[in-house]
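By full-length UniProt numbering, the letter at position 125 of the sequence shown is numbered 125, and the numbering carries on one by one without gaps.
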Amino acid sequence: MLTKSNSELEKSVNYCSDKVDSFDSTLNKLSNSISEQGNRISKTESRCLNLELEMEKLHSNINFLEQDKLVNNIEITGIPMTDNENTFEIIKIISNKLNIELDDKKVIKAYRMTLNKNKMNCPSIIVNFDNTSTKLELIKAIKLRALNQNGLLANEIHTSFAKNNVYINDQLTKDNKHLFWLARLVSKNYNYRFSWANHSGVFIKRDEGSRFIKIISINQLKKLDKEKSVTQLW
1 MLTKSNSELE
11 KSVNYCSDKV
21 DSFDSTLNKL
31 SNSISEQGNR
41 ISKTESRCLN
51 LELEMEKLHS
61 NINFLEQDKL
71 VNNIEITGIP
81 MTDNENTFEI
91 IKIISNKLNI
101 ELDDKKVIKA
111 YRMTLNKNKM
121 NCPSIIVNFD
131 NTSTKLELIK
141 AIKLRALNQN
151 GLLANEIHTS
161 FAKNNVYIND
171 QLTKDNKHLF
181 WLARLVSKNY
191 NYRFSWANHS
201 GVFIKRDEGS
211 RFIKIISINQ
221 LKKLDKEKSV
231 TQLW
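In structure tokens form, the structure reads like this:
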């Protein structure tokens, strides 16, 4: 009787042992499967990250080429829009006010940008010259007047216009305009005294004695926004 009981106990133990071995085997298979899935996910995430970086690089290159096409362009803001206006005449008057002799042949195109119904601001005037030096001469002249606290006013262009400031800057691509806007927000929140943009890019500077920082991407601004205080970045 005792022998029979021992035999049954042995069978029971062996059965349990087999079950444990089977469970261990299944668990190992599941563990290996999870590990393989984890490796696949890691590889996929790595590929996605590389793809995002490649896309960002491609986008940056396209933006660079687009900006390069605007090398001879200026954007004029602050001039009210009127019916049947002559943008060529406007740029000639501006040049005269800045004491610059402008040859008509140097102006390839002068046009008003399309009116954006979602914005209250008056559309800018774009002028395309046949060379870069004419563009730089105009930008330098208007900045010099501003430094002398004698900025160009719209009513100098036409007496019916208001006494608001007229600005002349490099025409920027849509991406660079957005980047410049964000850079100004970061500058304001983190006490950078200077922020500017031109054909060469977008820049910020802490103070007179500091080196400038060239901003090339939104991710770069995110790194500067350590407190995430510029909500437009996130």
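A virtual CB, placed ideally from N, CA and C, is assigned to each residue, including glycine.
Restricting to Cα atoms, I'd like to know which of the options is closest to residue i.
i: aspartate 175; options: Ser22, Ser60, Glu52; result: Ser60
i: arginine 206; options: His199, Leu53, Asn198, Leu224; result: Leu224
i: tyrosine 190; options: Ile108, Ala154, Ser229, Arg145; result: Ser229
i: lysine 109; options: Gly38, Ile90, Arg193; result: Ile90
i: histidine 178; options: Gly201, Asn86, Leu51; result: Gly201
i: leucine 53; options: Asn219, Asn96, Ser133; result: Asn219
i: lysine 135; options: Ser95, Leu115, Ala162, Asn63; result: Ser95
i: phenylalanine 82; options: Ala162, Glu208, Lys222; result: Looking at the sequence shown, residue 82 is not phenylalanine but threonine. Ranking the options by Cα distance to threonine 82, first place goes to Ala162.
Taking the C-alpha atoms as reference points, what is the distance between residue i and residue j?
i: arginine 112; j: asparagine 121; result: 13 Å
i: leucine 2; j: aspartate 21; result: Because the pLDDT at leucine 2 is just 49, under 50, the model does not fix this residue reliably, and the value given afterwards should be weighed accordingly. Approximately 28 Å between the Cα atoms of the pair.
i: aspartate 24; j: serine 42; result: 26 Å
i: leucine 152; j: methionine 55; result: 42 Å
i: glutamine 232; j: aspartate 103; result: 43 Å
i: glycine 38; j: serine 187; result: 41 Å
i: valine 166; j: lysine 143; result: 11 Å
i: glutamine 149; j: asparagine 164; result: 14 Å
i: arginine 193; j: isoleucine 100; result: 31 Å
i: leucine 30; j: threonine 44; result: 21 Å
i: arginine 47; j: asparagine 86; result: 54 Å
i: leucine 51; j: leucine 58; result: 10 Å
i: asparagine 63; j: asparagine 32; result: 46 Å
i: serine 133; j: asparagine 84; result: 30 Å
i: asparagine 49; j: glutamate 36; result: Reading off the sequence, residue 49 comes out as leucine, not asparagine. Spanning the two alpha carbons is a distance of roughly 20 Å.
i: isoleucine 34; j: cysteine 16; result: 26 Å
How about residue i and residue j: do their beta carbons lie closer than 8 Å?
i: aspartate 170; j: asparagine 131; result: no
i: proline 80; j: alanine 146; result: no
i: tyrosine 138; j: isoleucine 93; result: It should be pointed out that residue 138 corresponds to leucine in this sequence rather than to tyrosine. Cβ distance not < 8 Å, so leucine 138 and isoleucine 93 don't count as in contact.
i: leucine 172; j: alanine 141; result: no
i: phenylalanine 88; j: valine 71; result: no
i: serine 210; j: phenylalanine 203; result: no
Could you check whether the Cβ of residue i sits closer than 7 Å to any heavy atom belonging to the ligand NAP?
i: serine 35; result: Absence of the ligand NAP from the depicted structure is noted, as is the absence of any ligand whatsoever, leaving it without description.
At what residue ranges does the region 152 to 210 contain a whole run of the beta strand (DSSP E), taking only runs of 3 or more?
-> 167 to 170, 194 to 198, 201 to 205
Please determine if the region 182 to 196 and the region 207 to 223 are in contact, where contact requires at least 3 C-beta pairs separated by less than 8 Å.
-> yes
Cβ contact check for the region 123 to 131 and the region 67 to 76: 3 or more pairs under 8 Å = yes
At 3 residues or longer, and completely inside the region 20 to 84: list those beta strand (DSSP E) runs for me, N to C.
-> 73 to 77
Stretch pair the region 54 to 71 + the region 143 to 161: three plus CB contacts closer than 8 Å | no
3 or more residues per run - each beta strand (DSSP E) lying fully within the region 114 to 143 | 125 to 129
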